[in-house]
Amino acid sequence: MEKFSIIRELVIILLFSIPIIALFRRINLSPIIGFLFTGILIGPHLLGFIKTTSTIEVISEIGIILLMFSIGVEFSVRQLMQMWRTLIITGGAQVVLTILAGWGVSLLTGLPFRESLFIGVLISLSSTAVVLKLLSDKNELGTPHGKAAVGILIFQDLAIVPLMILVQLLSSDAALSGTAISAKILLSFGGIAGILYISGKVMPAVLKWLASVRIREAFTAGTILMILGTAYISEEIGLTFSIGAFLAGIIISESDYSHQIVSEILPLKDLFNSIFFVSIGLLLNVAFLIDNIILVTSAFAALVVIKTGIIFLILLTQHYRPTTAIITGLSLAQIGEFSFIIAQTGIKGGLLSAEMNDTFLAVSIFSLFFTPIIMSTSTRVAGRFETFSGELSETAEPGMKDHVIIAGFGLNGRTVARVLKDTGIRYQVVEYNPDIVQYHRNLGENIMYGDITRKEILLHAGAAQARVMVFAISDEKATIAALQLAREINHDIYTIVRTRYVRQVEIFRSLGASEVIPDELETSLMIFSRVLRKYRFPTNLIMRQLSILRSHSYQYLLTKPDDIAILDHVQRVLAEGLTETIYIESGNPNIGKTLKDLNIRALTGATVISVIRTGKIISAPQGTEVVTEDDQWLITGNHNQVDEAVKLLTGNGDNE
Numbered sequence: 007m008e009k010f011s012i013i014r015e016l017v018i019i020l021l022f023s024i025p026i027i028a029l030f031r032r033i034n035l036s037p038i039i040g041f042l043f044t045g046i047l048i049g050p051h052l053l054g055f056i057k058t059t060s061t062i063e064v065i066s067e068i069g070i071i072l073l074m075f076s077i078g079v080e081f082s083v084r085q086l087m088q089m090w091r092t093l094i095i096t097g098g099a100q101v102v103l104t105i106l107a108g109w110g111v112s113l114l115t116g117l118p119f120r121e122s123l124f125i126g127v128l129i130s131l132s133s134t135a136v137v138l139k140l141l142s143d144k145n146e147l148g149t150p151h152g153k154a155a156v157g158i159l160i161f162q163d164l165a166i167v168p169l170m171i172l173v174q175l176l177s178s179d180a181a182l183s184g185t186a187i188s189a190k191i192l193l194s195f196g197g198i199a200g201i202l203y204i205s206g207k208v209m210p211a212v213l214k215w216l217a218s219v220r221i222r223e224a225f226t227a228g229t230i231l232m233i234l235g236t237a238y239i240s241e242e243i244g245l246t247f248s249i250g251a252f253l254a255g256i257i258i259s260e261s262d263y264s265h266q267i268v269s270e271i272l273p274l275k276d277l278f279n280s281i282f283f284v285s286i287g288l289l290l291n292v293a294f295l296i297d298n299i300i301l302v303t304s305a306f307a308a309l310v311v312i313k314t315g316i317i318f319l320i321l322l323t324q325h326y327r328p329t330t331a332i333i334t335g336l337s338l339a340q341i342g343e344f345s346f347i348i349a350q351t352g353i354k355g356g357l358l359s360a361e362m363n364d365t366f367l368a369v370s371i372f373s374l375f376f377t378p379i380i381m382s383t384s385t386r387v388a389g390r391f392e393t394f395s396g397e398l399s400e401t402a403e404p405g406m407k408d409h410v411i412i413a414g415f416g417l418n419g420r421t422v423a424r425v426l427k428d429t430g431i432r433y434q435v436v437e438y439n440p441d442i443v444q445y446h447r448n449l450g451e452n453i454m455y456g457d458i459t460r461k462e463i464l465l466h467a468g469a470a471q472a473r474v475m476v477f478a479i480s481d482e483k484a485t486i487a488a489l490q491l492a493r494e495i496n497h498d499i500y501t502i503v504r505t506r507y508v509r510q511v512e513i514f515r516s517l518g519a520s521e522v523i524p525d526e527l528e529t530s531l532m533i534f535s536r537v538l539r540k541y542r543f544p545t546n547l548i549m550r551q552l553s554i555l556r557s558h559s560y561q562y563l564l565t566k567p568d569d570i571a572i573l574d575h576v577q578r579v580l581a582e583g584l585t586e587t588i589y590i591e592s593g594n595p596n597i598g599k600t601l602k603d604l605n606i607r608a609l610t611g612a613t614v615i616s617v618i619r620t621g622k623i624i625s626a627p628q629g630t631e632v633v634t635e636d637d638q639w640l641i642t643g644n645h646n647q648v649d650e651a652v653k654l655l656t657g658n659g660d661n662e
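The opening position of the sequence shown corresponds to residue 7 in this note's numbering, with each subsequent residue numbered one higher.
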């Protein structure tokens, strides 16, 4: 049964990971932490369901390839060229300075020269898979800190080749000549140029052909072939799988098929990438971690301080804002997955003892485990820095009263602000993302940085004098806390809460929210109104039905259909009469025909009650009345009759 071991291992991984990540999600922890925990739990050092990682590593490598490809699709060659400063200067400085810092600290602990320098190499790399996954999930790849992190990570991947050469030179049996080193580096970077050039010529033509075949399976298979093929070629010329996949993504991003390709591989990427995180968890020796918890946590703390500090200082010299530098530094404060590969080379070369390797693995996995938590709190840390340094003003416009406070400046917040600006109503935006604050402040927006769950921030925003507060954020806990504070500061303030689900309506109303607008309810009401319009319900009736549904929203949508009778008179309305106005547009085939020619009453049962022409009303038009451009014809009848008459008058029906 050895040949089925990979299936057995996949079954075990999925069996344990699904309930674990569901549990972690309920306690607001990232799925990445859940997958790492799954690996630790089922690995050889705890339950022992999976003894080795060789087969799992193959699957997880595919996950990294697909992740890097999907990230590459988000960029283009032009964007990559625009990032050259981040790639070369910032990325290069980060790798070199981190190596030197790790070397210096290790020397202070008593490690020999070569081993100390090797430790510096290991900690210089960050986790491409974890960081890009988290940035992508939070839609932060396009933010200043997201772009800075991506640029540094790309350089780190490019630096794998020279770092591997450096490790070989440090090894006891190293015997590489200067010519061999130069040849390897030239081959690597020449390979990148070659892949970009050849792929740029071949891939668009192949994609066009695959699309013309119109066989979905062929399109998906061809896409996977190009991704894996480029990754394989990249590995063969001395680069890494991930660099090849990233380059393939950049090339495909220029094509018309990029969005379709991403939608095809997204489910595969998520599955394989999840297995990668499990495979990392399998490596942790839990017993060693428990016995050396002080050593591991101390090394982890030193790692975070060193890497964050170095990246922070480098980005400051490149004129990044301090908050962006802090967020980027904290995001890259872990040890990367490629360090595991370099560590194996170091063990063979006598640079890493078994005990040191256990320490390295424990610290590395520890850092990966806490990366989602660190990244989720990085904005808060950066905000504290801004508050302390006074980088951003936290005060609303002086003398502002009877204004609207908008909490959050995503799509909903920006829409509200635009309407208020057009109507001349004063408003104050409070946003917790410093990059968003700086960007929109530069555009002249009345926006301030702040955490709305802090009373002093609401006071600075003028909550005591505000008339309305709009909560345009999706964080339920923050909304609840801020809503209670706002009511405490100003009992008369009118609060409008946006929430995702109908089931949350009662919660916010019980806390004093004046209006609660659930996204899913508004979507359903929009569909409902479009259906009624298609059946030519009068506008006033549609508006009345929408009002009834909104007032009973949480009751109607959370109970059985028979339990509440909001729409019990729809059938009656369908049977009753209504009026409809038809505008005669230019090109209408009925222009020039008389009412008698159209024979509306005989063909449809509807009656023409009047015609509005050039502002004058012609009541009870005669059969000789001629259809004229720009006329408005008023008809009456039941729904079916009016529907047929509309088709006839607009030229969409049979009037023969």
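Note that the Cβ used here is the ideal one computed from N, Cα and C, for glycine as well. For clarity, every value in this text was computed on a predicted model and none was experimentally measured.
Proximity winner among Phe43, Asn452, Asn448 and Tyr445, relative to Val422 (alpha-carbon distances): As a position in the sequence shown, residue 422 is number 416, starting the count at 1. Checked all of Phe43, Asn452, Asn448 and Tyr445; the closest Cα to Val422 is Asn452.
Pairwise C-alpha distance: Arg31 and Thr642: What you label residue 642 is simply residue 636 of the sequence shown in a count that begins at 1. What you label residue 31 is simply residue 25 of the sequence shown in a count that begins at 1. So the alpha carbons of these two residues sit roughly 56 Å apart.
Chain-order list of residues whose beta-carbon lies under 7 Å from that of Phe43 (same chain, five-residue window excluded): Position 37 of the sequence shown holds residue 43. Within the same chain, Phe43 has close Cβ partners Ile26 and Gly287.
Span of the alpha helix (DSSP H), counted from its first residue to its last, around Pro37: One-based indexing of the sequence shown puts residue 37 at position 31. Taken as a continuous stretch (DSSP letters only), the alpha helix (DSSP H) holding Pro37 covers Pro37 to Ile48.
Beta bridge counterpart(s) of Ala413 as assigned by DSSP: Numbered from its first residue, the sequence shown carries residue 413 at position 407. Ala413 is bridged to Val436 and Phe477.
For Leu231, the first and last residue of its enclosing beta strand (DSSP E): Translated into positions along the sequence shown, residue 231 becomes position 225. That residue, Leu231, is in no beta strand (DSSP E); its alpha helix (DSSP H) goes Arg222 to Glu242.
Cβ pair Val476, Val410 closer than 8 Å: Locating residue 476 in the sequence shown gives position 470, where the first residue counts as 1. Locating residue 410 in the sequence shown gives position 404, where the first residue counts as 1. Taking 8 Å as the Cβ cut-off, Val476 and Val410 qualify as a contacting pair.
Rounded Cβ spacing between Phe366 and Ala349 (contact assumed at less than 8 Å): For this step, residue 366 is matched to residue 360 along the sequence shown. For this step, residue 349 is matched to residue 343 along the sequence shown. Right, the Cβ-Cβ distance comes to about 6 Å (below 8 Å), so this counts as a contact.
For Tyr455: DSSP bridge partner residues: Against the sequence shown, residue 455 aligns to sequence position 449. DSSP output for Tyr455 lists Glu437 as bridge partner(s).
C-beta atoms of Gly419 and Ser133 nearer than 8 Å: Reading the sequence shown from its first residue, position 413 is the one you call residue 419. Reading the sequence shown from its first residue, position 127 is the one you call residue 133. Not in contact: Gly419 and Ser133 (Cβ atoms no closer than 8 Å).
Reduced DSSP secondary structure (H/G/I, E/B, other) of Leu640: Position 634 of the sequence shown, counted from the first residue, corresponds to residue 640. Three-state result, Leu640: strand.
Helix, strand or coil at Glu521 [DSSP, three-state]: What you label residue 521 is simply residue 515 of the sequence shown in a count that begins at 1. Strand, per DSSP.
CB-CB length for Gly456 against Val474, believed under 8 Å: Locating residue 456 in the sequence shown gives position 450, counting from the first residue. Locating residue 474 in the sequence shown gives position 468, counting from the first residue. Actually they are not in contact, since the Cβ atoms of Gly456 and Val474 sit about 18 Å apart, beyond 8 Å.
Boundaries of the beta strand (DSSP E) in which Arg31 is found, first to last residue: Taking the first residue of the sequence shown as position 1, residue 31 is located at position 25. No beta strand (DSSP E) holds Arg31; the alpha helix (DSSP H) holding it covers Ser11 to Arg32.
Alpha carbon of Val522 to alpha carbon of Gln628, nearest angstrom: Numbered from its first residue, the sequence shown carries residue 522 at position 516. Numbered from its first residue, the sequence shown carries residue 628 at position 622. Taking the straight line from one Cα to the other gives about 53 Å.
C-beta contact flag for Ala413 and Ile380 at 8 Å: Numbered from 1 along the sequence shown, position 407 holds the residue referred to as residue 413. Numbered from 1 along the sequence shown, position 374 holds the residue referred to as residue 380. No, Cβ-Cβ distance for Ala413 and Ile380 is not below 8 Å.
Length of the line joining the Cα atoms of Val508 and Pro524: Translated into the one-based positions of the sequence shown, residue 508 becomes position 502. Translated into the one-based positions of the sequence shown, residue 524 becomes position 518. If I take the Cα positions, the gap works out to 5 Å.
Exposure of Lys566, with buried meaning 16 or more beta-carbon neighbours within 10 Å: Counting from 1 along the sequence shown, the entry for residue 566 is found at position 560. Residue placement at Lys566 cannot be trusted, given a pLDDT of 48 that sits under 50; the coordinates are not used to answer.
Inside the stretch 585 to 662 only - beta strand (DSSP E) runs reaching at least 3 residues: 613 to 619, 622 to 625 and 638 to 643
DSSP state of Arg504 mapped onto helix, strand, coil: Walking along the sequence shown from the start, residue 504 turns up at place 498. Strand at Arg504.
CB of Ala388 within 8 Å of CB of Ile332, strictly: Here residue 388 refers to the residue found at position 382 when the sequence shown is read from its first residue. Here residue 332 refers to the residue found at position 326 when the sequence shown is read from its first residue. Yes, they are a contact pair.
Simplified DSSP state of Gln350, which is helix, strand or coil: Taking the first residue of the sequence shown as 1, we reach residue 350 at position 344. Correct three-state label for Gln350: helix.
Close Cβ partners of Lys427 (< 8 Å) along its chain, the five nearest in sequence each way excluded: As a working mapping, residue 427 is identified with position 421 in the sequence shown. Correct list, in chain order: Tyr433.
Rounded C-alpha distance that separates Ser535 from Gln647: By one-based count along the sequence shown, residue 535 stands at place 529. By one-based count along the sequence shown, residue 647 stands at place 641. Ser535 and Gln647: Cα-Cα distance of roughly 21 Å.
Same chain, Cβ closer than 8 Å to Glu662, neighbours up to 5 away in sequence not counted: Looking up residue 662 in the sequence shown gives position 656. Summary for Glu662: the model assigns pLDDT 42, below 50, so the residue's position carries little reliability, and this model does not support an answer.
Opening and closing residue of the alpha helix (DSSP H) in which Asp163 lies: For this step, residue 163 is matched to residue 157 along the sequence shown. Pro150 to Leu164 is the span of the alpha helix (DSSP H), which, as asked, contains Asp163.
Best match in Val617, Ile13, Thr323 and Glu15 for proximity to Glu586 [C-alpha to C-alpha]: Residue mapping note: residue 586 aligns to position 580 of the sequence shown, counting from 1. When only C-alpha atoms are compared, the closest one is Val617.
Contact set for Leu131: own chain, Cβ-Cβ below 6 Å, skip 5 residues either direction: Indexing the sequence shown from 1 puts residue 131 at position 125. Correct list, in chain order: Gln162, Gly342, Phe344 and Ser345.
Pair within 8 Å by beta-carbon distance, Ser520 and Tyr500: The residue labelled residue 520 in the question sits at position 514 within the sequence shown. The residue labelled residue 500 in the question sits at position 494 within the sequence shown. Yes, the pair counts as a contact, with Cβ atoms nearer than the cut-off.
Option nearest Ile615 by Cα separation, candidates Leu601, Leu322 and Leu609: Indexing the sequence shown from 1 puts residue 615 at position 609. With respect to the C-alpha of Ile615, the residue from Leu601, Leu322 and Leu609 having the closest C-alpha is Leu601.
Simplified DSSP state of Glu494, which is helix, strand or coil: Reading the sequence shown from its first residue, position 488 is the one you call residue 494. In the structure shown, Glu494 adopts helical secondary structure according to DSSP, grouped into three states.
From Phe75, Ser359 and Phe375, residue whose alpha carbon lies closest to that of Ser259: Walking along the sequence shown from the start, residue 259 turns up at place 253. Looking at the Cα atoms, Phe75 is the closest of the given residues.
Own chain partners of Ile46 with C-beta closer than 6 Å, once the 5 adjacent residues on each side are dropped: Residue 46 sits at position 40 when you count from the first residue of the sequence shown. If we look at Ile46 and ignore the five residues flanking it on each side, its Cβ neighbours are Gly287 and Leu290.
Exposed unless 16 or more other CB atoms sit within 10 angstroms - verdict on Pro150: Start at 1 with the first residue of the sequence shown, and residue 150 comes out as number 144. Burial state of Pro150 is buried, judged by a 10 Å Cβ sphere holding 16 or more other Cβ atoms.
Pro118 - DSSP class collapsed to helix/strand/coil: On the sequence shown, position 112 is the one that residue 118 refers to. DSSP places Pro118 in coil when its eight states are reduced to three.
Residue environment, Ser23, which counts as buried when at least 16 other CB atoms sit within 10 Å: Start at 1 with the first residue of the sequence shown, and residue 23 comes out as number 17. With 16 or more Cβ atoms within 10 Å of its Cβ, Ser23 is classed as buried.
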